[in-house]
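Undergrad: Sequential numbering of the sequence shown, starting at 1, is according to full-length UniProt numbering.
Heads up, the beta-carbon is just placed ideally off N, CA and C, and yes, glycines get one too.
The structure under discussion is supplied below as structure tokens; questions concerning it will follow.
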Amino acid sequence: MQVSRLNEVKIYSLSAGRSLPEWLSDRKKRALQKKDVDIRRRIELIQDFEMPTVSTKIKVSRDGQYIMAVGTYKPRIRCFDTYQLSQKFERCLDSEVVTFEILSDDYSKIVFLECGRFVEFHSQHGHYYRTRIPKFGRDFSYHYPSCDLYFVGASSEVYRLNLEQGRFLNSLQTDASESNVCDINPVHFLFAMGTAEGKVECWDPRTRNRVGLLDCALSSVTADTEIDGLPSVSALKFDGALNMAVGTSTGQVLLYDLRSSDPLIVKDHHYGLPIKSIQFQPQLDLIISADSRIIKMWNKDTGKIFTSMEPEYDINDVCLYPNSGMLMTANEAPKMNIYYIPVLGPAPKWCSFLDNLTEELEENPESTVYDDYKFVTRKDLENLGLAHLIGSSLLRAYMHGFFMDIRLYHKAKMMANPFAYEEYRREKIRQKVEETRAQRVQLKKLPKVNKELALKLIEEEGEEQQVTRKRKQKNLPSLLKDDRFKVMFENPDFQVDEQSEEFRLLNPLVSKISEKRKRKLKLLEELEAQEQEEEEEPEGKASDAESSESSDDEKGWVEEVRKQRKLLRQEEKVKRQERFKEDQQTSLKPQFFEIKEGEEFRSFKDSAKKQKLMKKTLGDRLKLEEKLGTLNVSDTTVGSKQATFKLKKSEQQKKQQEAEKQHRQERKTLRRSASHLKSKHGRGRLFH
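Given below as structure tokens:
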């Protein structure tokens, strides 16, 4: 069971975790439950609460005992008994279900609107009757006082089917080209339908006349909203006698009072997706609106977000269990999600154990979603020697790194650095010892990292304090006491490398100044060795050495730069000599390369010549080509120059020309020999 929190509202996902496949035998299922702790600890509130592929609609019967869901593939309906926490029955249908309605308190009377213009009726035993409507339907509502079914769809008419008489009645003619949704008010039975033009038409079923028209498309466009095209009505729901919520195809929810044509509030989901479902939660005055990506709960008076949920798969429908905090969704996945939100209300009677379970979880700290995973960057993978796993199923890309199994991470870290735990343990012990020392009466100590820099800052701070006292100014905060620079004097990675080339050239006078500070550091180290003494010793012994120093900084700076440059040159010479010795000691082995078929080996001189030619300018290359005869430059009458080139023949073309030339010569010799034989043969006949 996963727990998420948003705006201090806890949401328990009861369908989280792995599910066992249906084709496994009971024996194998029991064996897996014994081996795998996650499977054993998962909560299966209702057994096999899922569809083969996709679930499209989900509803609860009025008595609260049965949960019905439709889905594919094949098209079917499944009824789940909450008292038995298992499936009651399953029925397959001939075509996919657009929507359905439960007419009775239990599962004994159900109406299905199917894709192929079919309306199918089911009773307690199963299929009862099937009929068709003239146009494709998209939604329908049941009018209880007159037993009429109102169908809306790809037509300007609203078809009425009376279940008492068993026949179609006169249709309602509307101004809309198509209608998407409809609903009937449970108090005064006003019939409302949402059109493709973004309008809501309200009809009185008693007089069969239109009594109102709302332009929701115009009202949904505010200063903050961005829409692509005309919004159409995609969801509609009544709340009590006067309130009505309308969802648009561009992701806005409008709350109306039926006495006014202007919306009380406009809530934008900011995803640009059609609103799929709207539900009301009367206890907390909340509206639960959902598109295919997110479920939002917000206050209907202020529009303030209460909480939200983003399931892993796209949402098709949302159902709120009456008078409880349970929420169910139909998704683009086999498993249907069940959420329990204790703030919305208590758990239903058939799963009252959820309240005790959530109370126990609140006492103990809940585990987050990523407790079993470790976030690593690409550099961490290279250090662990796991860079070859990038792109495999063992790593899941996330932002600038990857998530990997925490067990694999610990194993790889142990193999890469087997003594890491000992070092971590020593570091923790050292930190605790330092924490206990901080409680004692201490001397003014310098930090262990960048001591000279800290001493320099202390000296500068003392000088600044003297200046500010004279000028009566406020003291600036010290870097040593600033938390932002705290790590620079604690972490050894921030140690200043005084032997680096950049440091020595940029700070040529550091060597002289560092001598003064080294003397001070020695004195301070001697003082630190005498920690048991209560009185602090004065730190004024290094002031005598300062008076003997010359104040001519410019000459000293130039000399120091020259010295540093000489030292750097000497170090470079030593490095070159060491490299030369290493090169002499290493024995080079000859390497052989294979030449491709159809190519001849050319000397390295040709490549060198080509490189020299490429380095020359265009003018020099043109002059060289003109000398060789492959280029002809001539002046034209207009005054410009004309250049003609002769293409160089490749090696294959040269070989082909030589072969053709040799072939011609062979044919010539054959012709000559043939003519010579003919003349000889003719003479022989004459003599004969």
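(1) What are the boundary residues of the beta strand (DSSP E) that includes arginine 78?
(2) For arginine 138, is the classification buried or exposed, using 16 other Cβ atoms within 10 angstroms of its Cβ as the cut-off for buried?
(3) Excluding five sequence neighbours on each side, which residues of the same chain lie with their C-beta closer than 7 Å to the C-beta of leucine 386?
(4) Between the C-alpha atoms of isoleucine 341 and leucine 479, what's the straight-line distance to the nearest angstrom?
(5) DSSP three-state call for aspartate 26: helix, strand or coil?
(6) By a C-beta neighbour count over all protein chains shown, 10 Å radius and 16 as the cutoff for buried, is threonine 82 buried or exposed?
(7) State the beta-bridge partners of isoleucine 295 as determined by DSSP.
(8) From the DSSP output, which residues share a beta bridge with phenylalanine 580?
(9) If you scan the UniProt domain "Nucleolar protein 10-like second" (369–417) from start to end, which runs of the alpha helix (DSSP H) of 4 or more residues do you find wholly inside it?
(10) DSSP state of tyrosine 107, grouped into three classes?
(11) Classify asparagine 450 as helix, strand or coil using the three-state DSSP reduction.
(12) How many Å lie between tryptophan 298 and serine 141 at the Cα?
(13) Quick check on the burial criterion: 16 or more other C-beta atoms within 10 angstroms. Buried or exposed for phenylalanine 353?
(14) Under 6 Å Cβ to Cβ from glutamine 112, same chain only, skipping five residues before and after it: list those, please.
(15) Below 8 Å, can you find three or more Cβ-Cβ pairs linking the region 160–170 to the region 180–200?
(16) Using only CA atoms, which one of Glu658, His388 and Ser219 lies nearest to glycine 198?
(17) For arginine 62, which of helix, strand or coil comes out of DSSP?
(18) May I have the straight-line CA-CA distance separating lysine 74 from aspartate 257, to the nearest angstrom?
(19) Assuming serine 232 and serine 249 are in contact, meaning their beta carbons sit under 8 Å apart, how far apart are those beta carbons, in whole angstroms?
(20) Roughly how many whole angstroms lie between the Cα atoms of glutamine 532 and glycine 391?
(21) Buried or exposed, going by whether 16 or more other CB atoms sit within 10 Å of the CB of aspartate 493?
(22) Rounded to the nearest angstrom, what separates lysine 623 and glutamine 662 at their Cα positions?
(23) Looking only at its chain, what residues have a beta carbon closer than 8 Å to the beta carbon of glycine 251, apart from the 5 residues adjacent to it on each side?
(24) May I ask you to report which of helix, strand or coil DSSP gives alanine 330?
(25) What did DSSP end up calling asparagine 356 once you bin it into helix, strand or coil?
(26) Examine the ligand NAP and report whether any of its heavy atoms sits within less than 6 Å of the Cβ of asparagine 209.
(27) Determine which residues share a DSSP beta bridge with arginine 160 and list them.
(28) Cutting at 6 Å between CB atoms, please list the residues of its own chain near glutamine 316, excluding the five before and the five after it.
TA: From the atom records:
(1) 76–81 is the span of the beta strand (DSSP E), which, as asked, contains arginine 78.
(2) By the 10 Å Cβ count, arginine 138 comes out buried.
(3) The beta carbon of leucine 386 is closer than 7 Å to those of Ala412 in its chain, skipping five residues each way along the sequence.
(4) The alpha-carbon atoms of isoleucine 341 and leucine 479 are separated by roughly 49 Å.
(5) Of the three classes helix, strand and coil, the one that applies to aspartate 26 here is helix, per DSSP.
(6) It is buried - the Cβ of threonine 82 has at least 16 other Cβ atoms within 10 Å.
(7) For isoleucine 295, which the question treats as bridged, DSSP gives the partners Ala290 and Met309.
(8) In DSSP, phenylalanine 580 forms no bridge with anything.
(9) DSSP runs (the alpha helix (DSSP H)) wholly in the UniProt domain "Nucleolar protein 10-like second" (369–417): 378–384 and 406–416.
(10) Reduced to three states, the DSSP call for tyrosine 107 is coil.
(11) Asparagine 450 falls in the coil class under three-state DSSP.
(12) Pairing tryptophan 298 with serine 141, the inter-Cα distance amounts to about 27 Å.
(13) With fewer than 16 other Cβ atoms from the protein chains shown falling within 10 Å of its own Cβ, phenylalanine 353 counts as exposed.
(14) The question names glutamine, yet the displayed sequence has phenylalanine at residue 112. Here the set comprises Val97, Phe100 and Glu120.
(15) Under the Cβ criterion (8 Å, minimum of three pairs), the region 160–170 does not count as touching the region 180–200.
(16) Of Glu658, His388 and Ser219, the residue nearest in Cα terms is Ser219.
(17) Coil.
(18) Taking the straight line from one Cα to the other gives about 42 Å.
(19) So it is a contact: roughly 5 Å between Cβ atoms.
(20) Because glutamine 532 carries a pLDDT of 44, less than 50, the predicted location of this residue cannot be relied on, and no value is offered for it.
(21) By the 10 Å Cβ count, aspartate 493 comes out exposed.
(22) Taking the straight line joining both Cα atoms gives about 35 Å.
(23) Only Asp268, His269, His270, Tyr271, Gly272, Leu273, Pro274, Ile275 and Asp291 meet the Cβ criterion.
(24) Shown here, alanine 330 sits in a strand according to DSSP, grouped into three states.
(25) Asparagine 356 sits in a helix when the DSSP states are folded into three classes.
(26) Ligands are entirely absent from the displayed structure, and the ligand NAP is therefore not among its contents.
(27) Answer is Tyr150 and Leu169, bridged to arginine 160.
(28) Reading off the sequence, residue 316 comes out as asparagine, not glutamine. Taken in chain order, the residues that qualify are Thr56 and Ala330.
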